[in-house]
Every structure is written in C-alpha cells, then in structure tokens.
Amino acid sequence: MKVTVVGAGNVGATCADVLAYREIANEVVLVDIKEGMAEGKALDIWQKSPINLYDTRTTGSTNDYSKTAGSDVVVITSGLPRKPGMSRDDLIETNAGIVKSVTENVVQHSPEAIIIIVSNPLDVMTYQAHLTSNLPRTKVFGMAGILDTARYRAFLAEALNVSPKDIQALLMGGHGDTMVPLPRYTTVAGIPVTQLIDQESLEAIIQRTKMGGGELVKLMGTSAWYAPGAAAAQMVEAIVKDQKRVFPVCVKLEGEYGIDDCYLGVPVVLGKNGIEKFIEIDLNEEEKASLETSRQHVREVMEVLERLG
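As numbered in this note's numbering, residues 1 to 309 make up the sequence shown, in order.
Spelled out as structure tokens, the structure:
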C-alpha cells in the first residue's frame, strides 16, 4: 500500500511519521513546495527506522507529483496559517487555490486514491477538494471530528482521573467553536459520563473542547500538529487495513440529518472503499438546534468560496 502526504509542515510530517512508525503502509511519500523540505523530513523518518524497528519506506519530493503515482490514500495538509491583517476571505481564497492545485495533481497521478483533507478552514477546504476532484463524496472527506473528539476525551480523562483508552465519545458539526459534542453519546467503559461528572464540570470541558485549537495557538504561537497528524494517520489506517472503524468525519451531506449540500462532521464507517456507511443517530431537540447552528456557520463560509468562484 502507498500513501502520500502533501505538505511537509508540522502536521504533514507528523502524519507521515506515525504512518511509518506504525507500518500502516509499505511506502509513504511526502510532498512539499519548499525545496528540500519533504526530502529532508522523509530521510529523517527513514533514518529512524532502525531505532524504532519499522520497514515503511519514506521518500520526499519537491512538487514532483509523479512520485506519488498509484497512491491508495492521499492526505492533504497544504495551506497557509492566517496572518495578522488577513481576513477570513483572504485566507479562504489563498488556501482554496492551494488545495485546488494540489487536488488536481493528486487526481492526475492517482485517480483511484481516497483523499483526506486536513487543510484549514477544514470544512470549506473539503468542499473545494470535492469539487475539484469530481470524485464521489465517499472518497473525499475531511479530518476534524477525530481530532476534536480526541481533545474532548483527553480532557474528560484528566478530569475523571481515568485512562483515555476507556472513554468513547461522539462529536458532530463543523470544525470550530460551533462543533457539537454529544454527552449523551459519551461513555467511560460503558458508563454514561453524566453519571461520573457534574453538569457544570462537563459543560466546562465541552467549552474547552470547542476552543481546543485556540488554546494551543495561545500557548505556542502556532497551531497544533501532534494530535492532528496522528488523527489523520488513524483515518488512513482504518482505510488501508479495512478496519470498518466508526469515526466522525467531515463530508458532504445529501439528506442525512435533514441537511443537504453542506460539509459537516458526522459518524461514518471507514474502510477500504472510504466512507462505507453513513450513521444517523437520534438527536434530541437541543442537539438538533446545535447542529443547525453549526450548519449555518459552515454554510456561510462555503458561500465565501462560492462568491470567490
């Protein structure tokens, strides 16, 4: 199996490293526009193989997509962070152009590949990649829910002083402060989390989850990379190994949850064909209202892209 990661920045390099270390694919190709960056990081990961004992071959390429030909899965992390004085529209226009160009190259050399988007703004970049690729929605989707759910679970594990391994949780909606964590679908070793933590503490964790990315930016001056890179790698693993994992992913909805033509995070089954099943859970009125708020926010951002053409 061959996996390509486009973008050799912190997130892309972390994703490639996890893929190699866990031997998820036989070959991992790292691509970047900056001369030597992908080659250097791929070489560094390969030189670690005798230490961590893995066989995955990692190679790098400066903007030469011919080396990615025949990839089974492609992870796109390319894009610029928002800079001082840059409006949301400017960021969308810049990154949409990057994602469009990358997607065109990916499809040209790997027309059968499943594409995972990590670039931000996540929901609208998934929209851009889906439009550009002209692939089924089951083969082009975004990574957000796994990362957001991981943060939610990590905060709960800390508050409850339990292993994060025992916490299962679900989160839906857009990637941002309108995301919809679902305490009714959150358990600790099968025990409803609401039986183990008071409402005030739980609400504080939910709010911290919604602002999880911003918290890290404030601490480090840049966005996160370990958890996002590992989350993308987990999605790749589910596909490459045909694990049939149930994950929340960003995908175009076509009637699910009564929503059409919007890219939102919902639970799906991931396997060798990409999204193999959409799962529609029962939502109460409060949860439906929160999802609708999230939909409206994402739809507004999608309309920015549409206006830009």
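Even for Gly, the Cβ is constructed at its ideal location relative to N, Cα and C.
Just so we're clear, the structure is a prediction, and the values are computed from it rather than from any experiment.
Residue closest to residue i, alpha-carbon to alpha-carbon, out of the options
i    : options                : result
H109 : T187, S133, R88        : S133
I116 : V140, L135, T103       : V140
L53  : A224, V6, E23          : E23
Y226 : G213, E237, T126, R307 : G213
L305 : I281, N95, S201        : N95
K252 : R153, T194, V124, A169 : V124
A16  : Q199, I33, M220, E39   : E39
N284 : L196, V180, G221       : V180
G36  : A25, T68, T62, D44     : T62
P228 : V3, M1, V268, G12      : G12
N120 : P192, L308, A224       : A224
F249 : G255, Y257, P267, A233 : Checking the sequence, you will find Val at residue 249 rather than Phe. The option with the nearest alpha carbon to V249 is P267.
R153 : E200, L219, P136, Y185 : Y185
G274 : I51, N26, I114         : I114
E112 : L219, T138, A289, Y21  : T138
A169 : S201, I206, Q199, E200 : I206
P136 : V107, G265, K48, F155  : V107
Nonlocal neighbours in the same chain, by C-beta distance under 6 angstroms from residue i, ignoring five residues either side
i    : result
A42  : L30, T58, T59, G60
F247 : I146, L270
E27  : K2, R57
A233 : C15, V18, L19
Residue i classed as buried or exposed, judged by whether at least 16 other C-beta atoms fall within 10 angstroms
i    : result
K210 : buried
R88  : exposed
I259 : buried
I98  : buried
M235 : buried
T222 : exposed
D32  : buried
P50  : exposed
I92  : buried
P192 : exposed
A25  : buried
Cutoff 7 angstroms; reference residue i; Cβ partners in own chain excluding five residues on either side
i    : result
E104 : T132
K231 : Reading the sequence as shown, one finds Ala at residue 231 and not Lys. Within the same chain, A231 has close Cβ partners M143, I146, L147, A150.
Q128 : A96, V99, K100, L305
D166 : V188, A189
A69  : H109, S110
V102 : V6, I76, S78
K277 : V268, V269
Cβ-based neighbour list, residue i, same chain, cut-off 8 angstroms, excluding 5 preceding and 5 following
i    : result
C262 : K252, L253, R295, V298, R299, M302
K67  : V29, V31, T59, S61
K34  : A8, T62
S163 : A157
Fill in: Continuous alpha helix (DSSP H) assignments of at least 4 residues falling wholly in the segment 14–64
Counting only runs of 4 or more, we get 37–47, 49–52.
Worksheet entry | Cβ contact (3+ pairs, closer than 8 angstroms) linking the segment 296–309 and the segment 173–190 | With the cut-off at 8 angstroms, the segment 296–309 and the segment 173–190 touch.
Worksheet item: Quick check: the segment 64–76 against the segment 233–243, are there 3 or more CB pairs under 8 angstroms?
Response: Taking 8 angstroms as the limit for Cβ pairs, the verdict is that the segment 233–243 does touch the segment 64–76.
Practice prompt. With a floor of 4 residues, list each alpha helix (DSSP H) that falls wholly inside the segment 99–158, ordered by position along the chain.
Written response: If we require 4 residues or more, the alpha helix (DSSP H) runs fully inside the segment 99–158 come out as 122–133.
Practice prompt. Write down every uninterrupted run of the alpha helix (DSSP H) in the segment 194–259 whose length is 4 residues or greater and which is fully enclosed by it, in chain order.
Written response: Runs of the alpha helix (DSSP H) lying entirely within the segment 194–259 and spanning at least 4 residues, in chain order: 199–210, 212–220, 226–240.
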